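Novice: Dumping the structure here so I can ask a few things about it.
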Amino acid sequence: MWCPGFWIVIRWRCFFRVWDENSFTWSIQPWKKCKNRKGTNSLTDTVHEERLSYDEAVKYLYSLQKFGIKFGLSKTSNLLAAFGDPHKEKNYVHIAGTNGKGSVAAFLASIFQEAGLKVGVYTSPHLLRFTERFRINGREMSRETAANLINELRQVVVPEEPPTFFEATTAMALVYFAREKADLAIMEVGMGGRLDATNIIHPLVSVITNISLEHQDFLGTSIKEIAGEKAGIIKDGVDLLTGARRPQVVEKFRSVCRAKRAPFWRLGEQIRYRVTPSGFHYYGSAWKMNRLRLGLKGRFQARNAALALAVSELLQTKGFPVSREQVRTGLENVDWPGRMQVISTNPEILLDGAHNPGAARALATALQEEYRNRRIIIVIGVMDDKDIREILKWIVPLGDHVIYTRPRYYRAAAPERLMAEGASFKAAGEMVPALFPALDRARSLAHPSDVIVVCGSLFTVGEALPYFDPEKYSPEE
Numbered sequence: 002m003w004c005p006g007f008w009i010v011i012r013w014r015c016f017f018r019v020w021d022e023n024s025f026t027w028s029i030q031p032w033k034k035c036k037n038r039k040g041t042n043s044l045t046d047t048v049h050e051e052r053l054s055y056d057e058a059v060k061y062l063y064s065l066q067k068f069g070i071k072f073g074l075s076k077t078s079n080l081l082a083a084f085g086d087p088h089k090e091k092n093y094v095h096i097a098g099t100n101g102k103g104s105v106a107a108f109l110a111s112i113f114q115e116a117g118l119k120v121g122v123y124t125s126p127h128l129l130r131f132t133e134r135f136r137i138n139g140r141e142m143s144r145e146t147a148a149n150l151i152n153e154l155r156q157v158v159v160p161e162e163p164p165t166f167f168e169a170t171t172a173m174a175l176v177y178f179a180r181e182k183a184d185l186a187i188m189e190v191g192m193g194g195r196l197d198a199t200n201i202i203h204p205l206v207s208v209i210t211n212i213s214l215e216h217q218d219f220l221g222t223s224i225k226e227i228a229g230e231k232a233g234i235i236k237d238g239v240d241l242l243t244g245a246r247r248p249q250v251v252e253k254f255r256s257v258c259r260a261k262r263a264p265f266w267r268l269g270e271q272i273r274y275r276v277t278p279s280g281f282h283y284y285g286s287a288w289k290m291n292r293l294r295l296g297l298k299g300r301f302q303a304r305n306a307a308l309a310l311a312v313s314e315l316l317q318t319k320g321f322p323v324s325r326e327q328v329r330t331g332l333e334n335v336d337w338p339g340r341m342q343v344i345s346t347n348p349e350i351l352l353d354g355a356h357n358p359g360a361a362r363a364l365a366t367a368l369q370e371e372y373r374n375r376r377i378i379i380v381i382g383v384m385d386d387k388d389i390r391e392i393l394k395w396i397v398p399l400g401d402h403v404i405y406t407r408p409r410y411y412r413a414a415a416p417e418r419l420m421a422e423g424a425s426f427k428a429a430g431e432m433v434p435a436l437f438p439a440l441d442r443a444r445s446l447a448h449p450s451d452v453i454v455v456c457g458s459l460f461t462v463g464e465a466l467p468y469f470d471p472e473k474y475s476p477e478e
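In terms of the numbering used here, the sequence shown has 474 at position 473, counting the first letter as 1, and numbering is strictly consecutive.
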């Protein structure tokens, strides 16, 4: 079988679409005779003769971080156009919000995997390996696939307008899910919503978990402004589901939905839930389910599970059937490392990102519920650009002993700053400059009945995982 290729031109760069008889897909190949213009950046040159290894390819992607955070959809759109716009043919759920996005995605993916679907999930950041960002049925993208995609991506990058790191990885995710023929793809917003690279998709359902003050340099200084940015994911006629509580936020979402004729669903209105000693109980628009068990610890996860169940109800009306038993099993079997994760016992060791004030408050509530009469040792490392005082305010008072430390990440706050901020919360504390020695110190202080809590950032948790289980959690080399 032979199919003629054809020329396409994108911003003065020439490419050739070639039909692959084995995979029955088009691939993008550079026209070798199409010469580069002078002055191009070697990191983002269009025509590349050499193929990068996985490590080199990921390094290339990280080099795009020097271009910072730039909002807008044009560069993501251009990248995807070079791949034939694969995102236009898939079924998506789009999830935005300050906290809970990853947990909702994990619950939802687990439910529909139990239903026999091939479910893709795109989340960020990763804990250990870059390839964690792209998962299908719980399995992360292979290193070989990642290297191939990044090499293809390099061929279509326009040197004068290189994408940001997140724009590039979002394009990778959309191409990957299309090529792997995922039945459903769950896309987590990186920041905001309106101009986030993931907003290139047209989903079956949009979700906004909640709204708090975050990324104020980019999204606005008030809750109202941030809500406006998040509301940017609401599409004409597409159901919106939200767990927002603040009246001004709810009204903003409701008014945008009204203008776009998008059905509006909210926890506390059409959808309700409660938690009792016998389990989690859900009361949706059609489903009534009692005594459900959740695979993620913390009472606050019930809210995330309720959002996932409400999305499942909506998807069922759109051609994605799922049984009550599959829902139950999916909720119980969910796996989401680094979020209220118990990784060891005697002493019990709990890992949770708690990377912003809302997440820190949720962790504090969970600790009070689960470990009220236990001695707690806290190991905490926080990013320098976060609201450190507000995070510490919730967590530090619960510690019988607090160890301030720093993961190996350039944005991490100095332990000296953490200890200075935490001193006002009257908990006994000390500084240990590096994370592994801090964990050694915590274990030396702990009795079998104690609880060690490692928290403050997903970067802290990600670095800690291989300390406790190096075989299961191998970091990127």
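Virtual Cβ for every residue (Gly too), placed ideally from N, Cα, C. None of these values were measured; they are calculated from a predicted model.
#1: Can you name the residues that DSSP bridges to Arg136?
#2: To the nearest angstrom, report how far apart Asn152 and Gly430 are at their CA atoms.
#3: Going by DSSP, name the residue or residues bridged to Ser207.
#4: For Ile377, list the residues DSSP reports as bridge partners.
#5: Assuming contact is defined by CB atoms lying nearer than 8 Å, are Lys236 and Ile212 in contact in what I supplied?
#6: Compute the Euclidean distance between the alpha carbons of Trp288 and Asp197, then round it to the nearest angstrom.
#7: Straight-line CA distance for Ser279 to Arg292?
#8: Taking contact to mean at least 3 C-beta pairs separated by less than 8 Å, is the stretch 445-463 in contact with the stretch 399-411?
#9: Return the residue from the list Lys261, Leu109 and Arg273 that minimises the CA-CA distance to Arg329.
#10: Whole angstroms are fine: how far does the CA of Asp401 sit from the CA of Val250?
#11: Determine the closest residue to Arg140 out of Ala107, Asn374 and Phe321, with distance taken between C-alpha atoms.
#12: Which of helix, strand or coil does DSSP assign to Val403?
#13: At least one CB of chain B closer than 8 Å to the CB of Arg362: is that the case?
#14: Any idea which residues DSSP pairs Met290 with across the strands?
#15: What do you reckon, are the CB atoms on Ser286 and Ile112 nearer than 8 Å?
#16: Looking at the strands, I want to know which residues DSSP matches up with Ser324.
#17: Here's the rule I'm using: 16 or more other beta-carbon atoms within 10 Å means buried, otherwise exposed. How should His448 be labelled?
#18: Between Gln302 and Leu295, is the Cβ-Cβ spacing less than 8 Å?
#19: According to DSSP, Met173 sits in a beta bridge with which residue or residues?
#20: Here's a check: name, in chain order, each residue in its chain whose Cβ is nearer than 7 Å to the Cβ of Asp385, leaving out the five neighbours to either side.
#21: Grab me the residues of His203's own chain with a C-beta within less than 7 Å of its C-beta, minus the 5 sequence neighbours each way, in chain order.
#22: Which of helix, strand or coil does DSSP assign to Ile389?
#23: For Trp337, does the three-state DSSP call read helix, strand or coil?
#24: Which whole-angstrom value describes the C-beta separation of Gly299 and Thr99, a residue pair presumed to lie in contact below a C-beta threshold of 8 Å?
#25: Report yes if the C-beta distance between Asn357 and Lys319 is below 8 Å; otherwise report no.
#26: In three-state DSSP terms, what is Glu189?
#27: Hey, how far is the Cα of Glu252 from the Cα of Met432?
#28: Report the residue from Leu351, Leu436 and Ala97 whose alpha carbon sits nearest the alpha carbon of Val452.
#29: Could you check which residue in Leu175, Ser458, Glu161 and Glu168 has the C-alpha nearest to that of Gly354?
#30: Where do the ends of the beta strand (DSSP E) carrying Phe265 lie?
#31: Is the Cβ-Cβ distance between Val1 and Leu316 less than 8 Å?
#32: Suppose contacts are defined by Cβ-Cβ distances below 8 Å. Is Lys91 in contact with Ala179 by that definition?
#33: Near Ala306, what residues of its chain come up, given a Cβ to Cβ distance below 7 Å and the 5 sequence neighbours on each side ignored?
#34: Below 8 Å between beta carbons: does that hold for Tyr284 and Arg273?
#35: Assuming Val343 is part of the beta strand (DSSP E), what are its boundary residues?
#36: Rounded to whole angstroms, how far is the Cβ of Gly238 from the Cβ of Arg262, which I believe are closer than 8 Å?
Specialist: From the atom records:
#1: Position 135 of the sequence shown, counting from 1, holds the residue named residue 136. Residue pairing from DSSP places Arg136 in a beta bridge opposite Val122 and Glu141.
#2: Here residue 152 corresponds to residue number 151 of the sequence shown, with the count starting at 1. Here residue 430 corresponds to residue number 429 of the sequence shown, with the count starting at 1. Roughly 48 Å between the two C-alpha positions.
#3: Sequence index remark: in the sequence shown, residue 207 carries index 206 (1-based). Paired residue(s): His95 and Leu241.
#4: In the sequence shown, residue 377 corresponds to position 376, counting from 1. According to DSSP, Ile377 bridges with Val452.
#5: The sequence position of residue 236 within the sequence shown is 235, counting from 1. The sequence position of residue 212 within the sequence shown is 211, counting from 1. With a cutoff of 8 Å on beta-carbon distance, Lys236 and Ile212 are scored as not near each other.
#6: Numbered from 1 along the sequence shown, position 287 holds the residue referred to as residue 288. Numbered from 1 along the sequence shown, position 196 holds the residue referred to as residue 197. Each residue's alpha carbon lies about 33 Å from the other.
#7: For the purposes of this step, residue 279 is identified with residue 278 of the sequence shown, where counting begins at 1. For the purposes of this step, residue 292 is identified with residue 291 of the sequence shown, where counting begins at 1. When rounded, the distance between both Cα atoms is 6 Å.
#8: Result yes; three or more Cβ-Cβ pairs closer than 8 Å.
#9: Reading the sequence shown from its first residue, position 328 is the one you call residue 329. Minimum Cα distance to Arg329 is reached at Leu109.
#10: Along the sequence shown, one-based indexing puts residue 250 at 249. Along the sequence shown, one-based indexing puts residue 401 at 400. Their Cα atoms are separated by approximately 37 Å.
#11: One-based indexing of the sequence shown puts residue 140 at position 139. Checked all of Ala107, Asn374 and Phe321; the closest Cα to Arg140 is Ala107.
#12: Indexing the sequence shown from 1 puts residue 403 at position 402. Three-state DSSP puts Val403 in a strand.
#13: The structure shown contains no chain B; it is built from a single protein chain.
#14: Here residue 290 is taken as the residue at index 289 of the sequence shown, counted from 1. Tyr283, per the DSSP bridge assignment.
#15: Numbered from 1 along the sequence shown, position 285 holds the residue referred to as residue 286. Numbered from 1 along the sequence shown, position 111 holds the residue referred to as residue 112. Against a cut-off of 8 Å, the Cβ pair of Ile112 and Ser286 comes out as no contact.
#16: Residue 324 sits at position 323 when you count from the first residue of the sequence shown. In the DSSP assignment, no residue is bridged to Ser324.
#17: Position 447 of the sequence shown, counted from the first residue, corresponds to residue 448. Taking every protein chain shown into account, the CB of His448 has fewer than 16 other CB atoms within 10 angstroms, so this residue is exposed.
#18: Here the question's residue 302 lines up with position 301 in the sequence shown. Here the question's residue 295 lines up with position 294 in the sequence shown. Their beta carbons are under 8 Å apart, which means Gln302 touches Leu295 by this criterion.
#19: Taking the first residue of the sequence shown as position 1, residue 173 is located at position 172. DSSP output for Met173 lists no bridge partner at all.
#20: By one-based count along the sequence shown, residue 385 stands at place 384. So the list reads Arg412, Ala413 and Ala414, once near-sequence residues are dropped.
#21: Against the sequence shown, residue 203 aligns to sequence position 202. Excluding sequence positions up to five before and after His203, its CB lies within less than 7 Å of the CB of Lys236, all in the same chain and listed in chain order.
#22: Counted from its first residue, the sequence shown places residue 389 at position 388. Correct three-state label for Ile389: helix.
#23: Mapped onto the sequence shown, residue 337 falls at position 336. In this structure, Trp337 counts as coil in the three-state DSSP scheme.
#24: As a first step, residue 299 must be located in the sequence shown, where it is residue number 298. As a first step, residue 99 must be located in the sequence shown, where it is residue number 98. Cβ-Cβ separation between Gly299 and Thr99: approximately 16 Å, too far for a contact (criterion under 8 Å).
#25: The residue given as residue 357 occupies position 356 in the sequence shown. The residue given as residue 319 occupies position 318 in the sequence shown. Pairing Asn357 with Lys319 gives a Cβ-Cβ distance that is not under 8 Å.
#26: Along the sequence shown, one-based indexing puts residue 189 at 188. In the three-state DSSP reduction, Glu189 falls in the strand class (E or B).
#27: Your numbering for residue 252 matches position 251 in the sequence shown. Your numbering for residue 432 matches position 431 in the sequence shown. Distance between the alpha carbons of Glu252 and Met432 is about 45 Å.
#28: On the sequence shown, residue 452 is found 451 positions in, with the first residue counted as 1. Nearest C-alpha to Val452: Leu351.
#29: Here the question's residue 354 lines up with position 353 in the sequence shown. Put simply, of Leu175, Ser458, Glu161 and Glu168 the residue whose alpha carbon is nearest the alpha carbon of Gly354 is Ser458.
#30: Against the sequence shown, residue 265 aligns to sequence position 264. The continuous beta strand (DSSP E) containing Phe265 extends over residues Phe265 to Arg267.
#31: Only positions 2 to 478 of the chain appear in the structure, and residue 1 is not among them; the question remains open.
#32: Here residue 91 refers to the residue found at position 90 of the sequence shown. Here residue 179 refers to the residue found at position 178 of the sequence shown. Result yes, Cβ atoms of Lys91 and Ala179 sit closer than 8 Å.
#33: As a first step, residue 306 must be located in the sequence shown, where it is residue number 305. Only Phe108, Phe281, Leu295 and Leu332 meet the Cβ criterion.
#34: Translated into the one-based positions of the sequence shown, residue 284 becomes position 283. Translated into the one-based positions of the sequence shown, residue 273 becomes position 272. At the C-beta level, Tyr284 and Arg273 come within 8 Å of one another.
#35: The count along the sequence shown starts at 1 and reaches residue 343 at position 342. If you look at Val343, you'll find it in the beta strand (DSSP E) that goes Gln342 to Ser345.
#36: Here residue 238 refers to the residue found at position 237 when the sequence shown is read from its first residue. Here residue 262 refers to the residue found at position 261 when the sequence shown is read from its first residue. So it is a contact: roughly 6 Å between Cβ atoms.
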